[in-house]
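**Q** Sharing a structure, written as structure tokens. Questions coming.
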Amino acid sequence: MTSSPARLPVAVVAHRGASGDHPENTVRAMRAAFEAPLPADGFECDVRLTRDGVPVVFHDDDTRRLCAVDGTIEARSLAEVRQLRVGGEPVPTLAELLDACAPYLTGLRRAVVNIELKPTQAPEPLIEACTPLLAPLSRDPHIELVLSSFDPRVVRAALVAAQPWRTAFLYETVGALRFLTLLGSDGPVDLHPPESLVTAEHLAAFGDPERDRRFRVWTVDDPARARALASLGVDAIITNHPARLRAALGTPHHG
388 MTSSPARLPV AVVAHRGASG DHPENTVRAM RAAFEAPLPA DGFECDVRLT RDGVPVVFHD
448 DDTRRLCAVD GTIEARSLAE VRQLRVGGEP VPTLAELLDA CAPYLTGLRR AVVNIELKPT
508 QAPEPLIEAC TPLLAPLSRD PHIELVLSSF DPRVVRAALV AAQPWRTAFL YETVGALRFL
568 TLLGSDGPVD LHPPESLVTA EHLAAFGDPE RDRRFRVWTV DDPARARALA SLGVDAIITN
628 HPARLRAALG TPHHG
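So this is what it looks like as structure tokens:
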């Protein structure tokens, strides 16, 4: 048996960028997270496929809330997605977002890049389209690349793709963790619980030190709660207000 690696200080991960103050999942929101006086330690974003198979960064199942027009990303070509605006900002492709973030990630001793996969049908086409874009990140020892999903079938597909990334299961209830038994034989799976579930008992019950299971908690905007979670030993805190939490927690991962 090998010992688990030493834990690093808790990472502050910008949820869809600095989305508390900027349009979510846009290049502007990501730049704001990294250009703050106390920058984030990484970012989380949501990825879907356009009708013509291009990974783009967008959260919702439909475009009404964010773009004030009906329809879905999946029903639109990339050219049609280019016409959409989120708070006046374009919807970026995953390639564009990664290119924009790359200069900031190089300044971090440890950077978390969390890609939440949101396929509407089989996950394999989305994973296959993302793989070459993520390859440079997966080769960088300073970057913790994580592919996550609420759907255990998507997590399993990310596992069996056998790429050098971490996988994570997002969940809202303890009951959802029964799906871990379906995933355990395929490889290690990190956990992304909502902050309301996280206690010392929860971490002890579902931790897996032998496989270096990591807990990244969502979505936490209260500094006092963030400090409490850090004291419990979570690995990362996902937040809409990264500068606020970075100030509360200290010890950034910047060189």
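Quick note on numbering: the sequence shown equals residues 388 to 642 in this note's numbering. For glycine and all other residues, C-beta sits at the position ideal for the given N, C-alpha and C.
1) Closest to S406 by CA distance: which of F421, T450, L492 and T437 is it?
2) Among A498, D538 and R603, whose alpha-carbon lies nearest the alpha-carbon of S525?
3) Assuming the contact rule is C-beta atoms closer than 8 Å, F593 and L616 should be a hit. Round their C-beta distance to whole Å, please.
4) Can you find the residues in the same chain that come closer than 6 Å, C-beta to C-beta, to E531, ignoring five residues on each side of it along the sequence?
5) Going by DSSP, what residue range makes up the alpha helix (DSSP H) through F643?
6) Report all residues from its chain with a CB closer than 6 Å to the CB of A724; omit the five preceding and five following residues, and keep chain order.
7) Please name the residue in P490, F537, P479 and V533 whose C-alpha comes closest to that of T507.
8) Count the other CB atoms within 10 Å of the CB of E503; is the residue buried (16 or more) or exposed (fewer)?
9) Go ahead and label D433 buried or exposed: buried means 16 or more other beta carbons lie within 10 angstroms of its beta carbon, across all protein chains shown.
10) Using the Cβ count rule (16 or more neighbours within 10 Å means buried), how would you classify A630?
11) Taking the DSSP output, what are the residues bridged to D433?
12) How would you write the range of the alpha helix (DSSP H) that E511 sits in, first residue to last?
13) Tell me whether T480 sits in a helix, a strand or coil according to DSSP, three-state version.
14) Between which two residues does the beta strand (DSSP E) harbouring E467 extend?
**A** With the given structure in hand:
1) In this structure, F421 is the residue among F421, T450, L492 and T437 with its C-alpha nearest to the C-alpha of S406.
2) The candidate whose alpha carbon is nearest that of S525 is A498.
3) That pair is no contact at about 15 Å.
4) The residues are V499.
5) In this structure the chain extends from 388 to 642, so residue 643 is not present and cannot be described.
6) It is not possible to answer for residue 724, since the shown part of the chain is limited to 388 through 642.
7) For T507, the closest alpha carbon among the candidates P490, F537, P479 and V533 is that of F537.
8) Buried, since its Cβ has 16 or more Cβ neighbours within 10 Å.
9) Buried, because 16 or more other Cβ atoms sit within 10 Å of the Cβ of D433.
10) Buried, since its Cβ has 16 or more Cβ neighbours within 10 Å.
11) According to the DSSP secondary-structure assignment, D433 is paired through a beta bridge with E503.
12) For E511, the uninterrupted alpha helix (DSSP H) segment begins and ends at E511 to S525.
13) In this structure, T480 counts as strand in the three-state DSSP scheme.
14) From DSSP, E467 is part of no beta strand (DSSP E) but of the alpha helix (DSSP H) over L465 to V468.
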